[in-house]
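Notes follow the structure.
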Amino acid sequence: MKKNNYSILVNTTDSFEDCWIPFFTLFKKHWPDYDGKIYLNTETKVFTFPGLDIVSVQNNIQTPEKKITWSECLIAALNSIDDEIILYMQEDYFIKLHVQNDIVNEFVDVMLAEDIDCIHLTDQNSLGPFLPSNFDDLWLIDKKATYRLSCQAALWKKSVLLKYIRTYENPWQYEKFGTKRAQLLNHKFYSVNRDKYKLNENEIIPYVFTGIIRGRWYEEVIELFEINNITIDFRIRGFVKDAVPKPLVNRIKSRWKELPAAIRSQFEIYRLKFI
56 MKKNNYSILV NTTDSFEDCW IPFFTLFKKH WPDYDGKIYL NTETKVFTFP
106 GLDIVSVQNN IQTPEKKITW SECLIAALNS IDDEIILYMQ EDYFIKLHVQ
156 NDIVNEFVDV MLAEDIDCIH LTDQNSLGPF LPSNFDDLWL IDKKATYRLS
206 CQAALWKKSV LLKYIRTYEN PWQYEKFGTK RAQLLNHKFY SVNRDKYKLN
256 ENEIIPYVFT GIIRGRWYEE VIELFEINNI TIDFRIRGFV KDAVPKPLVN
306 RIKSRWKELP AAIRSQFEIY RLKFI
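For the sequence shown, position 184 (counting from the first letter as 1) is numbered 239 according to the numbering used here, and the numbering increases by one without interruption.
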C-alpha cells in the first residue's frame with residue numbers, strides 16, 4: 056500500500072558521503088512522520104539508515120571517456136522516481152528542528168489538484184516581486200522575479216523540473232539560466248507566504264543554509280552536530296572561515312571552462328524569446 060503521494064530526492068554525490076550520516080540522523084529525528092521513499096542520488100555507493108526507506112540511485116552513467124555533469128546526474132535520478140511530485144533537497148541541508156509534515160502534505164495535495172508547478176518551501180530563494188494568490192500560505196512568484204528557480208528545498212512536478220534542466224549546466228547556471236527560461240515559459244512557481252514562514256521564526260523544513268560551502272563545513276553545523284551526538288572529523292574538509300581565496304589565474308580558468316555552457320544557455324534564451 057502506497058504511503059505518500061510524493062517522494063523526497065536528496066541530491067548528492069559520492070564524494071559528499073560524509074554528509075549522509077549527519078543528514079539522515081537529523082532527518083529521522085526531526086521528521087519522524089515522513090513515511091515515503093527517499094531517493095539518494097549516488098553514483099555508485101549504497102547507503103541505508105535504520106527506519107528510513109532509502110533508495111540509492113546509483114546512476115553510474117559516467118564513462119572513462121566522459122565525466123557526467125551535475126545536471127546529467129539529476130536527470131538520471133528524476134527518471135528513476137515514479138511519483139510526479141518530488142521534494143528536492145541536498146545532502147547538506149541539515150534539519151535543525153521539527154518539520155511541519157502536515158503543511159508539506161497539504162501543499163502536495165494542492166499541487167495535485169491545482170495548476171501549480173513548484174512550491175519553494177523556504178523564504179531563502181526568490182527575492183520577488185510576488186503576486187497575490189488564491190492560497191493563504193502561498194505567494195505567486197512574478198515572472199520577472201530573481202531566482203524563480205532555486206536549488207533550495209522545494210516541491211516540484213517532476214515533469215516540469217525536467218523541462219528546465221540542461222545537461223551541460225552546473226547548479227549555478229541552472230539557477231541563473233533556468234530562471235531566465237522560466238520568464239519565457241508558462242509555468243506557475245509559488246513561494247511560501249513570507250509573512251507567515253520566515254527563517255529562524257516559523258520554518259516548514261528548518262535546515263542549515265547550507266552545511267557545506269565551497270567544499271568546506273559551514274560553522275553553524277558544529278553546535279548542531281554536538282547536541283545530536285554526531286561525530287565528524289572537521290579537519291578533513293576544514294571550515295569556510297579558513298578558506299584561502301583561489302588565485303586569480305585559477306578563477307579565470309574556472310570561468311573560462313564555464314563559458315561554453317553559458318553561451319549555449321544564453322543562445323537558447325534568445326531563441327525562446329525571439330524565434
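Quick reminder that beta carbons are idealized off the backbone N, C-alpha and C, glycines included.
Let me know the secondary structure DSSP gives residue i once reduced to three states.
i	result
G266	coil
H85	helix
I321	Here the sequence assigns Gln to residue 321, which means Ile is not the residue at that position. Correct three-state label for Q321: helix.
S111	strand
Y94	strand
I116	coil
I150	strand
K121	strand
P77	helix
I136	coil
G71	Gly is not the amino acid found at residue 71; the sequence shown has Phe there. In this structure, F71 counts as helix in the three-state DSSP scheme.
F232	helix
F104	coil
R326	helix
Which residues mark the beginning and the end of the beta strand (DSSP E) in which residue i is found?
i	result
V65	S62 to N66
I174	C173 to H175
L363	Residue 363 cannot be examined here, being either before or after the span of the chain that is shown, 56 to 330.
L142	I140 to Q145
Determine the direct distance from the alpha carbon of residue j to that of residue i, and round the result to whole angstroms.
i	j	result
F79	Q238	36 angstroms
L204	G233	6 angstroms
W331	V165	Past the edges of the chain, shown from 56 to 330, lies residue 331, and the structure says nothing about it.
H175	V299	33 angstroms
D88	E72	25 angstroms
K100	R292	20 angstroms
T67	K122	16 angstroms
I150	F322	39 angstroms
D172	K328	21 angstroms
L133	N241	21 angstroms
G270	N225	15 angstroms
D137	I93	12 angstroms
N160	G91	11 angstroms
M56	D108	Reliability fails at M56, whose pLDDT of 41 lies under 50, so the model's placement of it is uncertain and no value is given.
A208	T265	11 angstroms
T124	E169	33 angstroms
K312	I318	11 angstroms
F82	R326	42 angstroms
D39	K301	Since the displayed the chain opens at 56 and closes at 330, residue 39 lies outside it and no answer follows.
P77	L210	23 angstroms
S181	K243	14 angstroms
K213	L129	11 angstroms
K296	F289	13 angstroms
G37	S126	Residue 37 is absent from the structure shown; the chain starts at 56 and stops at 330.
P187	P105	43 angstroms
E139	E98	22 angstroms
In the DSSP assignment, find the alpha helix (DSSP H) that holds residue i and state where it starts and stops.
i	result
D164	N156 to A168
N59	That residue, N59, is in no alpha helix (DSSP H); it is neither H nor E in DSSP.
Taking 6 angstroms as the line, does the beta carbon of residue i fall inside it for any heavy atom of the ligand FMN?
i	result
R292	The ligand FMN is absent from the structure shown, which contains no ligands of any kind.
Q) Should the stretch 57–67 be called in touch with the stretch 135–143, which here means at least 3 C-beta pairs below 8 angstroms? A) These segments touch.
(Q) Is it the case that the stretch 148–162 contacts the stretch 217–231, given that we only count it when at least three CB pairs across the two stretches are under 8 angstroms? (A) For the pair of segments examined, the stretch 217–231 was found not to touch the stretch 148–162: the number of CB pairs separated by less than 8 angstroms stays below three.
Q. Can you give, in chain order, each stretch of the beta strand (DSSP E) that sits fully within the stretch 189–227 and has at least 3 residues?
A. List check, beta strand (DSSP E) in window: 193–201 and 209–212.
**Q.** beta strand (DSSP E) runs wholly inside the stretch 234–315, at least 3 long, in chain order
**A.** Entirely contained in the stretch 234–315, the beta strand (DSSP E) runs reaching 3 residues are, in chain order, 244–247.
Q) Would you call the stretch 276–291 and the stretch 301–315 in contact, with 3 or more CB pairs under 8 angstroms? A) Touching, no.
Q. Using 8 angstroms as the Cβ pair cut-off and three pairs as the minimum, do the stretch 245–253 and the stretch 175–193 touch?
A. Short answer: they touch.
Q: Would you check if the stretch 255–272 and the stretch 177–187 touch, i.e. whether three or more CB-CB distances between them fall below 8 angstroms?
A: With the cut-off at 8 angstroms, the stretch 177–187 and the stretch 255–272 touch.
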